[in-house]
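Chemist: First residue of the sequence shown? That's 24 in this note's numbering, and the numbers climb one at a time after it.
Quick reminder that beta carbons are idealized off the backbone N, C-alpha and C, glycines included.
Small disclaimer: the values here were computed from a predicted structure and weren't measured.
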Amino acid sequence: MQLDLLAGTASRAAVLLRHTPTILVFDSGLGGLTVLSKTMQAHPNAHVVYAADDAGFPYGRLAESDLVARVLAVMERLVARFHPDLVVIACNTASTLVLPALRARFAIPFVGTVPAIKPAAALTRSRLISVLATPGTVARDYTRGLIASYAGGCEVTLVGSTKLAGLAEAVLKGEPADDAAIAAEIAPCFVERDGARTDVVTLSCTHYPLLLERMRRLAPWPVEWIDPAPAIARRVVQLLGQDDALSTVAIEAVAVFTNGTGITGPLRIALAGYGLAEVVIEPMPLGN
Ligand code: DGL
24 MQLDLLAGTA
34 SRAAVLLRHT
44 PTILVFDSGL
54 GGLTVLSKTM
64 QAHPNAHVVY
74 AADDAGFPYG
84 RLAESDLVAR
94 VLAVMERLVA
104 RFHPDLVVIA
114 CNTASTLVLP
124 ALRARFAIPF
134 VGTVPAIKPA
144 AALTRSRLIS
154 VLATPGTVAR
164 DYTRGLIASY
174 AGGCEVTLVG
184 STKLAGLAEA
194 VLKGEPADDA
204 AIAAEIAPCF
214 VERDGARTDV
224 VTLSCTHYPL
234 LLERMRRLAP
244 WPVEWIDPAP
254 AIARRVVQLL
264 GQDDALSTVA
274 IEAVAVFTNG
284 TGITGPLRIA
294 LAGYGLAEVV
304 IEPMPLGN
């Protein structure tokens, strides 16, 4: 009896004292918000830092060596300031290149976001799939390796969009984004071959799910659009363990920008909608 009581006290103390993990979700800009919301739903008691390297945006245009150096430098600063227990690189353009360097440099787990080619190949019936991504992601050896490993028997169309990430940012900032511009960017994804049509498109830039409803409406025919965010959130739960429903601490959530000049009123409202009412600037001009 005495021992049972002690055991009960000890386990309650363990719950109260248990470390609340800090998850850092990182992207070049606002695209990682699509991953953040699924991660917060899956792990509602974690402290969350959303970091946008807007001084470096868009990553899709950076040379590979510059991008590796940039992400390492920004991550150095963020890890020193926020001490995350786990980092989600919510950016395909960075993940398809920088993950090995990050894992070699830091002793914390990194979860990456890479083109969902394996799920796309499992889902397609027509064997015509398209990867909609940044020019950086479609040029990566890593992406070609995924196709070789998982999409044998499929025709994979790589579409490197130069404008979609910027259009998604514009929408969140309350600026106009033309239907015609969005339609032109997604058009190369839709391929017809011998009576068959593309039936799966992977959203391989985290910005693109922000435009999903418009892309559905503007698509020449219906397709399955794969958003990797739920799979990323499941991986976070695997690594951090299942979250308990009850929280004993106030959850902190902060958005960090490396430039911040593009933060408009509508964007602040959008960030608050993602649970990010606090916004801080950690200035890191590109080239430093
Ligand atoms: N959100 C990023 C991705 O998933 C890319 C946007 C950019 O070009 O910076 O690839």
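DSSP three-state label for residue 294, please.
Modeler: Here residue 294 sits in helix by DSSP.
Chemist: State buried or exposed for residue 135, treating a residue as buried only when at least 16 other CB atoms are found within 10 Å of its CB.
Modeler: buried
Chemist: For chain C, check one thing: does any of its Cβ atoms lie closer than 7 Å to the Cβ of residue 301?
Modeler: Absent here is chain C; the protein component of the structure consists of one chain.
Chemist: Once you ignore the five residues that flank residue 249 on each side, which residues in its own chain have a CB closer than 8 Å to its CB?
Modeler: 139, 142, 143, 146, 223, 224, 225, 226
Chemist: Would you tell me roughly how many angstroms separate the C-alpha atoms of residue 26 and residue 263, rounded to the nearest one?
Modeler: Annotation note: pLDDT 41 at residue 26 (below 50); position unreliable, coordinate value reported separately. Going from the Cα of residue 26 to the Cα of residue 263 covers about 30 Å.
Chemist: Consider the C-beta atom of residue 62 and the heavy atoms of the ligand DGL; say whether any pair is separated by less than 6 Å.
Modeler: Because no heavy atom of the ligand DGL lies under 6 Å away, the Cβ of residue 62 does not count as near it: no.
Chemist: Closer than 8 Å by C-beta to residue 46: which residues in its own chain qualify, once you throw out the five before and the five after it? Chain order, please.
Modeler: Counting only residues of its own chain and dropping the five nearest sequence neighbours on each side, residue 46 has a CB closer than 8 Å to the CB of 62, 66, 69, 70, 71, 72, 107, 108, 109, 110, 111, 259, 263.
Chemist: For my contact list, residue 153 and residue 221 are in at a C-beta cut-off of 8 Å; report their separation, rounded to the angstrom.
Modeler: 5 Å
Chemist: From what residue to what residue does the alpha helix (DSSP H) around residue 45 run?
Modeler: That residue, residue 45, is in no alpha helix (DSSP H); its beta strand (DSSP E) goes 45-50.
Chemist: Which full runs of the beta strand (DSSP E) of 3+ residues lie inside the region 166-216, going along the chain?
Modeler: 178-183
Chemist: What do you reckon, is the C-beta of residue 115 under 6 Å from a heavy atom of the ligand DGL?
Modeler: yes
Chemist: Taking just the CA atoms, how far does residue 59 sit from residue 38?
Modeler: Unreliable positioning characterises residue 38 in this predicted model, as indicated by a pLDDT of 42, which lies under 50. A coordinate reading is not provided.
Chemist: Going by DSSP, what residue range makes up the beta strand (DSSP E) through residue 140?
Modeler: Unbroken run through residue 140 is the alpha helix (DSSP H), 140-146; no beta strand (DSSP E).
Chemist: Mind reading off the beta-carbon distance from residue 160 to residue 115? Whole number of angstroms is fine, and I expect it under 8 Å.
Modeler: 5 Å
Chemist: Specify, as a first and last residue, the run of the beta strand (DSSP E) that residue 301 falls within.
Modeler: 301-304
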